[in-house]
Amino acid sequence: MARIDLVDLAHSYSGDDAPPESFALKPMTMTWRQGGAYALLGPSGCGKTTLLNLISGIVTPSRGKILFNGKDITPLSTQKRNIAQVFQFPVIYDTMTVGENLAFPLKNRGVPKPEISARVRRIADLLDLAPYLNRKATRLTADAKQKISLGRGLVRSDVAAILFDEPLTVIDPELKWQLRSKLKALHRELDLTMIYVTHDQTEALTFADTVVVMHDGRVVQSGTPAELFDKPAHTFVGYFIGSPGMNIVPAQVDGREARIDGHTIGLHRNYGVLPAGAKIEIGVRPEFVDVAPPASGLLSAMIERIDDLGRIRFARVRVGDSKFAARVPPGFSVPDNMAGLVFDPAHVHVYADSRLVEGVA
Amino acid sequence: MDKTVNQKAWFLVLPVFLVVAFSAVIPLMTVVNYSMQDTFGNNQFFWNGVGWFKELLDPSTDLGERFFASLWRNLIFSAIILAIEIPLGIVVALSMPREGWTVAVCLVILALPLLIPFNVVGTIWQIFGRPDIGLLGYTLNSLGIPYNYVSNELDAWATVIVMDVWHWTSLVALLCYAGLKSIPDAYYQAAQIDGASRWAVFRAIQLPKMNRVLLIAVLLRFMDSFMIYTEPFVVTGGGPGNSTTFISIELVKIALGQFDLGKAAALSLVYNLIILIVCWVFYTVMTNAGAERPQKEGAV
Amino acid sequence: MSVTLDHVTRTVDGVPAIHDVSLTLERGTLSVLLGPTLSGKTSIMRLLAGLDKPTTGRVLVDGKDVTGIDVRQRSVAMVYQQFINYPSLSVYENIASPLRVQGRPREELDKRVADAARLLRLEPFLKRTPLQLSGGQQQRTAIARALVKGADLVLLDEPLANLDYKLREELRTELPRIFEASGAIFVYATTEPSEALLLGGDTICMWQGRVLQAGSSSKVYRQPQTLRVAQVYSDPPLNIVNIEKRHGTVHYPGGTRAPATGLYANLADGAYRVGFRAHQLEVAKGVAGRHVFPATVSVTEITGSESFVHLQRDSANWVAVLHGVHEFQPGQALNAALDPDNVFVFDLADRLVAAPGRN
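Residue numbers (this note's numbering), protein chains in the order written: chain A, 1 to 361; chain B, 362 to 661; chain C, 662 to 1020.
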C-alpha cells in the first residue's frame, strides 16, 4: 500500500531531446494518496496509457521521478515495484487451472505452499471464483477471466497499487455493472490504491473518487466526478464529460450578462471585464437548459431531432450556427420546429481561451 | 456444406485435378499394377498376386530383412532428428531479437540453408567432411580425433544427422519465431508483474502459445526426415555397409539397381502407406488440439 | 425492395445457432439487432447477407427465393466491428473501390465519392491512407464505402464497439441522419440498449438464437412482451421482485404489504414477477401512493449528473438511478419506493400482463 508521488514526470518516445510539444506526456507533478480510487480519463492518444506504463515500470520516463511512499522507485523494474495490473484483454495462463493461475505470482516468489492455498482460497471467495478453482481457465467467460487477472494481483499481500487498463472493454453491458460494483466493493474492503485508465466516462466517474482528465499529454483537470460535472475547468472537460457533452458557444460577456445570437441571458456571477482578444465562450450542460414553447423572452432555437434515452429526452437544436443540446422536461410535448431555451443561470460558466473564468459573486 | 455454393468455383479447381491426375494418380495406378506382377525382361509380365507383399513383410526373406532393417534406420533417424531440431529450433527462436534491423539479418541467415538445393547440401558436406581435403575432416583428424564417414558407421550417422540439423533447424526456428511474435505484449508484462522467472514465462506463456506451430513443425520434419534420400545418398551412398541405407535408398537400389520392378512397387506402396498413417495420426492430434480452443477470444 | 427470413433455422456442428426466425425488413428502414454476445446477431446478419445458408427455411428478396444464392450476386454491403479498409489505398480509393469493381465511369465515381465523403465528413482526408486516420475516421471510411456501393441491404455489425466513448457518441448521433439520406435497408447489431434507443427505427430483440420481440424501438422498450426482453433492453440491468396479490393487497417478500393500486388493481389474485428499470426505482421521499420497502445500500456510483445506487433487498440486487449527486454509505438502510403505476408486471411464465401506459 502506498502513496504515489509523480515529480516533474515526463516522457517522450523519441528521447529526452525531442521538442517539448512532441512529448507523449508533458511534465506533471501530482500526488495520489494511499487507498484512493483514481481514474485517468481521456481520448486515445492523450497520454493516459503512457502514464500508466510509467507507473507500472513497463516504460522508463525520459524525465522526472516516481515515488512510492516517498521512496524513489524510478529505476526499479516492474517486478520490484509491487504493483499489479489488469489489461484490456484478459491475460490467462492457458495451461493452468483457475487456482494455479491465482497461485502463480506467489509460487514465483517462493511463498510456502500452505500459505499459497490459504491466500488463493480467500481471493477466490472474494471474487466469487471459488467454484471454478479446479477448472481450466481458458474455458471461462471474459468477465471471469478478467476477475482472474485481477485476482492474480490481489493474491499478493505486498501490492502497493493495482492498475487497470480499460479492463471492461470485452465485457457485455449487463456484466459491466456487476464487475464495476464488485471493484468498488473490493476497493472499500481492501484499502488499496487503484488507478483505472479508460476513455469511457461512465466507467471513470462511477469508479473513481478522483478523476484525472487528460488531453494531449497534459492533465487538464483533476477532481471528484461532481466537480468535473458542475464546474469543468476547461472546455475540453466540459465536452468530454457528460453525455451529451457541455454546450459551448461563442458569446459576448459583460458583467452579469452574456449575449448569444443577439439574445441576452443573465449570469449568476459578475465577470467584470474579460481579457481583450481572448476567445470568450459560455458553457452550459444540456441538463441545465430546458426546452420550452417559443416565447419572446427566450433564446429561440430550431429543433433538429429528439434523442429518446428512455429515462430522459434530449432535444438537438440549432441556435444561429451553433449546435445545442437541451433537456426535454418530462411530459412536455415538443413543438415541431421552433422552441425557446430556458437557462439555469447558476450553471452557466464563462470560458476565456478555453479556460474557466471565476466570476465574482 | 451449409455455406452457399458457387458452382463456378469447380472450374477453377479443374487444372489442379488434371495435373494431379497425370503426376500422381496415373503413376500410382501403374505402381499398384507392377506390385502384382513379375517380369523377366522383354516386356513380359506375369501375375504374382500379393507375393511381393508377403515377401516384403516376412523378415526371413532377403527383401523383408532389407525392408525392416531400413525401416528401423528411418525411425531412429527421424526420432534423433526431431529430438535435436525441435528443442534447438525453439532455443534459436527464443534468442532471436524481437524488433530492430537485426531481425531482418537473423531471418536472412536462417533462411540461407533452406534455399540450398538438397544435392548441393549433400555435396557440400561430402567435401567438408573428407579427411584428406575437407575442412572438418582434416581438422578433426589433425586434432587426433579419428573421423572417417566412409569407413566408420558412427561417423557416417553423425555426419548425416549434423547435416540434416544444419539444413532444417532453421525451418523449425522460423515457425517458432512466427508463433512467438503472435503473443501480445500484455502477456509478457503480466508475467513480469507476477514475478515470473524466464523459465516460468517459457512454460506458462511461450510454450502453450507455440503449441500449434510446434505441431506443424513436428509434422513437417517427420515427413521430410522419413523420406530422406538425396543428402545421405550423395554423402555416404548408404554406407559404410548398409548402415545409412534408408528406405528410399533401398527402394532406388531395388528399382533401378536390380530392376526388380515388382518388389520395388510393393515396397513403395507400403512406404507410402506408413507415411499416410503417420500423417493421419498427426492431423488428428492437431485438429483435436485446435478444437479444444474456445472459438473466439473473449467470447462469453 | 424487402428481405424476408422465412422460418429460418441454422445448426452449426449439430448445435442450433438460430431457432426458427421469421423477419421481414422493408426498404428505407433501420432495424437494430439487440442482444448480448453470442445471442445470434452475427448469425442473422450472415444469413441475410447470404454468407451462410440456412439449415431449414428460406431467404426471400422481394418475395423471390434466394436461399443459397451466392453473396456476390446479392446487393449487400457490410461494416464490421474491426476497421476494415485497404491499407495501401487512399481514403478516396477506399470509398471508390466498390464502384471500380462495378466499372463505373470516372465522373460518376468522383460525384458519388464526394457525396459519401460529405455525408461522413471525410472530405479533408480523401488523400490520406487509412492508417493516417483516427479510429473514428477509419470506421467512417468503411461506412462510406458501404454506402457508396449503393447496396439494397447494409449490415453493420457492432460498428462502434471499438471506438472511444466520445467518438461513439458523436457517430451515433450522425448515423440516423446518414441512414435517412440513403434509403437502403439497414441492419445494425449492438449489445447496448441505449444505442438501440438512440438510433430509433425498429428493434429486434435477440436471445440465444431466437427473436424474442420485434417492433418500433420505443414500443419494444416500453412494452416488452416478456421478462427476458425487458432484461435485454435495460441498462442498468432490470430490477426484479416476486410478488403475490391476495384480496386487494400486494405482498412483497420480507413481509412488506401495500394496497393493490395502480397497475396491480386489475390483476387476478396470484403470484407475479415485477420488473422495473433503474429510473423507475425511487428513494422514498414521502410521496403518497408509493409502495415503500426497506433496503440496504451496497455501493453508490456517482457520475456527477446522476447517482447509481446499488441496493440489496433480501437476496436481490437492485440498481436505482437518481438525478444529481447523492452520497450513501455502504450498509446504510434506506426506504426504496415504487410507483404502482410505473412498473412492468409479468406472470409466472414471464409474459407481460401490465405495463405503464398500456391500459
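All C-beta atoms in this analysis are idealised placements derived from N, C-alpha and C, irrespective of residue type, glycine included.
Helix, strand or coil at residue i according to DSSP, with G and I counted as helix
i: HIS187 of chain A; result: helix
i: ASP863 of chain C; result: strand
i: ASP546 of chain B; result: helix
i: PHE969 of chain C; result: strand
i: VAL533 of chain B; result: helix
i: LEU999 of chain C; result: strand
i: ALA926 of chain C; result: coil
i: LYS880 of chain C; result: helix
i: PRO250 of chain A; result: strand
i: ASN649 of chain B; result: helix
i: LYS231 of chain A; result: coil
i: THR690 of chain C; result: coil
i: LYS725 of chain C; result: strand
i: SER894 of chain C; result: The amino acid occupying residue 894 of chain C in the given sequence is Tyr; Ser does not appear at that position. Here TYR894 of chain C sits in coil by DSSP.
i: MET571 of chain B; result: helix
i: LEU9 of chain A; result: strand
i: PHE23 of chain A; result: coil
i: ASP681 of chain C; result: strand
i: TRP371 of chain B; result: helix
i: ALA39 of chain A; result: strand
i: ALA393 of chain A; result: Because chain A here runs from 1 to 361, residue 393 of chain A falls outside it and cannot be looked at.
Residue from the options with nearest C-alpha to residue i
i: TYR38 of chain A; options: A:GLY70, A:GLN201, A:GLY283 and A:MET302; result: A:GLN201
i: MET84 of chain A; options: B:ILE437, B:GLY599, B:CYS640 and B:ALA547; result: Correcting the residue identity first, residue 84 of chain A is Ala in this sequence and not Met. Comparing Cα-Cα distances from ALA84 of chain A to each of B:ILE437, B:GLY599, B:CYS640 and B:ALA547, the minimum goes to B:ALA547.
i: VAL348 of chain A; options: A:LEU309, A:ARG305 and A:ARG269; result: A:ARG269
i: ASN1003 of chain C; options: C:GLU988, C:LEU858, C:HIS940 and C:PRO991; result: C:HIS940
i: ASP336 of chain A; options: A:ARG218, A:PRO294, A:VAL155 and A:VAL284; result: A:PRO294
i: VAL646 of chain B; options: B:LEU630, B:LEU373, B:ASN572 and B:GLY598; result: B:ASN572
i: ARG735 of chain C; options: C:GLY711, C:GLN742, C:PRO748 and C:THR957; result: C:GLY711
i: MET483 of chain B; options: B:LEU630, B:TRP408, B:ILE437 and B:ILE589; result: Contrary to the premise, residue 483 of chain B reads as Gly rather than Met in this sequence. If we check each option's Cα against that of GLY483 of chain B, B:ILE589 comes out closest.
i: PRO232 of chain A; options: A:LYS80, A:LEU341, A:GLU358 and A:LEU163; result: A:GLU358
i: ALA891 of chain C; options: C:SER663, C:HIS668 and C:LEU695; result: C:LEU695
i: SER749 of chain C; options: C:ASP771, C:VAL737 and C:LEU794; result: C:LEU794
i: VAL452 of chain B; options: B:LEU541, B:TYR632 and B:THR591; result: B:LEU541
i: HIS187 of chain A; options: A:PHE324, A:TYR13 and A:LEU163; result: A:LEU163
i: THR224 of chain A; options: A:MET28, A:PHE236, A:LEU150 and A:ALA208; result: A:ALA208
i: ARG256 of chain A; options: A:ASP158, A:LYS80, A:ILE248 and A:GLY266; result: A:GLY266
N- and C-terminal bounds of the alpha helix (DSSP H) containing residue i
i: ALA561 of chain B; result: 559-562
i: ALA430 of chain B; result: 423-456
i: SER843 of chain C; result: 826-843
i: THR202 of chain A; result: 201-207
i: TYR933 of chain C; result: First-last for TYR933 of chain C: 931-937, but that is the beta strand (DSSP E), not the alpha helix (DSSP H).
i: TYR395 of chain B; result: 387-396
Range of the contiguous beta strand (DSSP E) that encloses residue i
i: ASN978 of chain C; result: 977-984
i: PRO329 of chain A; result: No beta strand (DSSP E) holds PRO329 of chain A; DSSP gives it neither H nor E.
i: ALA919 of chain C; result: 918-920
i: GLY340 of chain A; result: 338-343
i: GLU754 of chain C; result: Segment 752-763 is the alpha helix (DSSP H) holding GLU754 of chain C; no beta strand (DSSP E) there.
i: MET194 of chain A; result: 193-198
i: ILE901 of chain C; result: 900-907
i: MET214 of chain A; result: 210-215
Neighbour list for residue i in chain F, Cβ cutoff strictly below 9 Å
i: LEU228 of chain A; result: This model lacks chain F altogether; the protein chains it does include are A, B and C.
Sufficient close CB pairs (3 or more, under 8 Å) joining the segment 299-316 of chain A to the segment 379-395 of chain B
With a cut-off of 8 Å, the segment 379-395 of chain B and the segment 299-316 of chain A do not count as touching, because too few Cβ pairs lie within range.
Taking contact to mean at least 3 C-beta pairs separated by less than 8 Å, is the segment 525-545 of chain B in contact with the segment 48-68 of chain A?
No: the two stretches stay apart, fewer than three of their Cβ pairs being nearer than 8 Å.
Can we say the segment 739-758 of chain C touches the segment 787-796 of chain C, given the rule of at least three CB pairs closer than 8 Å?
Yes: at least three Cβ pairs fall under 8 Å.
Along the chain, which unbroken stretches of the beta strand (DSSP E) at least 3 residues long are found entirely within the segment 474-513 of chain B?
Qualifying beta strand (DSSP E) stretches: none in this window.
For the 8 Å Cβ check, are there 3 or more pairs between the segment 43-54 of chain A and the segment 205-224 of chain A?
Output reads yes: the segment 205-224 of chain A touches the segment 43-54 of chain A.
Quick one: which unbroken beta strand (DSSP E) runs of 3-plus residues sit fully inside the segment 235-311 of chain A? Chain order, please.
Runs of the beta strand (DSSP E) inside the segment 235-311 of chain A: 247-250, 252-254, 257-260, 263-266, 280-284, 289-292 and 299-308.
Please give me, in chain order, every unbroken run of the alpha helix (DSSP H) with length at least 4 that falls completely inside the segment 618-649 of chain B.
Listed in chain order, nothing qualifies, since the segment 618-649 of chain B has no complete alpha helix (DSSP H) run of 4 or more residues.
Contact between the segment 712-721 of chain C and the segment 880-891 of chain C is defined here as three or more beta-carbon pairs at a separation below 8 Å; is this criterion met?
Cβ pair count under 8 Å is below three, so no.
For the segment 799-808 of chain C and the segment 728-742 of chain C, state whether three or more C-beta atom pairs, one from each stretch, are separated by less than 8 Å.
Judged by Cβ distances under 8 Å, the segment 799-808 of chain C makes contact with the segment 728-742 of chain C, as three or more pairs qualify.
Is the segment 458-478 of chain B touching the segment 632-646 of chain B, taking contact as three or more C-beta pairs under 8 Å?
These segments do not touch.
Report yes or no: do three or more beta-carbon pairs, one from the segment 25-35 of chain A and one from the segment 131-146 of chain A, lie closer than 8 Å?
No: the two stretches stay apart, fewer than three of their Cβ pairs being nearer than 8 Å.
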